[in-house]
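Take the sequence shown: its position 12, counting from 1, is numbered 45 in the numbering used here, and each next residue is one higher.
Glycine included, C-beta positions come from ideal geometry on N, C-alpha and C.
Keep in mind the model is a prediction, meaning the values are calculated, not measured.
Encoded as structure tokens, the structure appears first; notes follow it.
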Amino acid sequence: MIFLIVYYKKPCSYIKKFLSLYDIYQKNMTDNTSLLHRKIKEQLRQWAKQYNTKDFILSDPIQFPHRYSQIKDIEISAFLTAWISYGNRKIIIAKGDELDQMFNGSPYNFLIERKFQPLKNNKSSFYRFFKYEDLYQICDRLYKCYIQYESLQDAISNSPGKYPIQKIQSSFAGIKGIPVLSGTSACKRLAMFLRWMIRKDNLVDFGIWDKFSPADLIIPLDTHVHQTALKLGITHRKIADMKTAIEITEYMYSIFPEDPCLADFSLFGYGIATANNMKKQIIHPND
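What follows is the structure, encoded as structure tokens:
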């Protein structure tokens with residue numbers, strides 16, 4: 034009987050010790066994870082500060098609306114530039130320059146004087162899967178917005194939908210290249226256009242739309258941003274859709290509470306650091 038008591042006491046003592054060590058391990062893991070996320074967030078803040086500067090404009094499609102000072106010109110140039118922003122950045126900029134030359138100094142005059150009229154029924158290729166006919170259709174829709182409203186912001190704000198991205202989709206429904214929320218698209222180009230118009234810091238983005246809040250914006254999600262978010266452990270979703278874009282945006286609220294799309298510059302900074310092999314700046318959850 035004494036033997037049995039000793040036999041049971043030893044396992045109990047061992048189990049208690051094991052559980053105690055396991056608790057310590059779990060606490061250390063939690064502390065380490067918390068520390069890692071703090072480091073990631075701090076690095077994202079640093080990248081935002083480093084790349085959200087006027088120098089960013091020179092190599093980005095946003096350079097085209099920055100050629101103008103009138104609100105209507107800026108709106109039109111920005112919207113059409115965002116519309117064609119598929120693929121390689123250098124190719125986008127080359128096509129954006131061609132589009133800008135069509136405006137002949139004033140995107141608004143190009144629209145309001147219907148200088149796009151000759152493009153109607155033109156089935157020739159304009160860019161990627163767009164034809165000149167598609168450019169006509171979107172210009173015609175913009176024309177109707179400016180005939181009815183003083184600005185594109187007014188037209189969008191009076192459209193159905195709770196959030197600005199939904200309102201744009203309502204205003205331009207049926208136009209080729211304008212995705213619907215019910216699809217699989219993350220609506221990256223619309224989100225990018227809205228970032229340009231709504232974010233207010235007088236550096237890269239214009240902030241000329243005051244009827245919407247930067248807090249209502251969604252991260253412009255493309256393949257590069259998605260891969261970066263996966264590597265940093267911001268998301269674990271494998272599909273670059275609207276749900277993933279919202280998940281990443283919600284994470285960024287914890288870093289930039291009133292301006293989650295400031296993180297777009299942070300994620301761009303990660304890409305630069307990776308491309309230039311700046312290992313000291315790159316933090317991974319598995320490091």
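{"Query": "Would you say GLY138 touches the ligand ATP, meaning its beta carbon is less than 6 Å from a heavy atom?", "Result": "What this structure holds is no ligand at all, so the ligand ATP is not there to describe."}
{"Query": "Can you pull the DSSP bridge partners for TYR176?", "Result": "Looking at the DSSP assignment, TYR176 forms no beta bridge with any residue, so it has no partner."}
{"Query": "Based on the DSSP output, what are the partners of SER287 in its beta bridges?", "Result": "Looking at the DSSP assignment, SER287 forms no beta bridge with any residue, so it has no partner."}
{"Query": "On the premise that PHE298 lies in contact with ASN85, defined as a C-beta separation below 8 Å, what is that separation, rounded to the nearest angstrom?", "Result": "4 Å"}
{"Query": "Pull up the CB-CB distance for TYR119 and ARG161, whole angstroms please, since I reckon it's below 8 Å.", "Result": "5 Å"}
{"Query": "Whole angstroms is fine: what's the gap from MET285's alpha carbon to GLY302's?", "Result": "15 Å"}
{"Query": "Nearest-angstrom Cα distance between ASP292 and PRO247?", "Result": "5 Å"}
{"Query": "What residues in its chain sit with their C-beta under 7 Å from that of ALA188, if we drop five residues either side in the sequence?", "Result": "CYS178, GLN181, TYR182, SER204"}
{"Query": "For ILE95, which residues in the same chain have their Cβ closer than 7 Å to its Cβ, ignoring the five residues on either side in sequence?", "Result": "TRP229, VAL237"}
{"Query": "May I have the straight-line CA-CA distance separating SER102 from PHE239, to the nearest angstrom?", "Result": "10 Å"}
{"Query": "Got a sec? Which residues, its chain only, sit under 6 Å from PHE89 by beta carbon, not counting five neighbours each side?", "Result": "VAL237"}
{"Query": "Whose C-alpha, out of ASP274, HIS257, ALA278, is nearest the C-alpha of ALA308?", "Result": "HIS257"}
{"Query": "Tell me, to the nearest whole angstrom, how far the beta carbon of TRP242 is from that of ILE231; I am working on the premise that it is less than 8 Å.", "Result": "5 Å"}
{"Query": "In this structure, does DSSP put TYR119 in helix, strand or coil?", "Result": "coil"}
{"Query": "Taking the C-alpha atoms as reference points, what is the distance between ARG358 and ILE211?", "Result": "The structure shown has nothing for residue 358, since the chain only spans 34 to 320."}
{"Query": "Spatial neighbours of PRO140 within its chain, please: C-beta separation below 6 Å, excluding the five flanking residues on both sides.", "Result": "ASP106, ILE109, SER110"}
{"Query": "Near LEU168, which residues of its chain fall below 6 Å by C-beta distance, leaving aside the five closest residues on each side in sequence?", "Result": "LEU152, PHE159"}
{"Query": "For ASP130, count neighbouring Cβ atoms within 10 angstroms of its own Cβ and tell me buried if that reaches 16, exposed if not.", "Result": "exposed"}
{"Query": "Please report the straight-line C-alpha distance between THR217 and MET275, rounded to a whole angstrom.", "Result": "7 Å"}
{"Query": "From the DSSP output, in three-state form, read off TYR160 for me.", "Result": "strand"}
{"Query": "At the level of alpha carbons, what is the spacing between GLN199 and LYS72?", "Result": "35 Å"}
{"Query": "Hey, quick one: how far does the alpha helix (DSSP H) through THR307 stretch, first residue to last?", "Result": "296 to 308"}
{"Query": "Nearest to THR6 by CA position, among GLU75, GLN260, TYR176, is which residue?", "Result": "Nothing about residue 6 can be reported from this structure: the residues present for the chain run from 34 to 320 only."}
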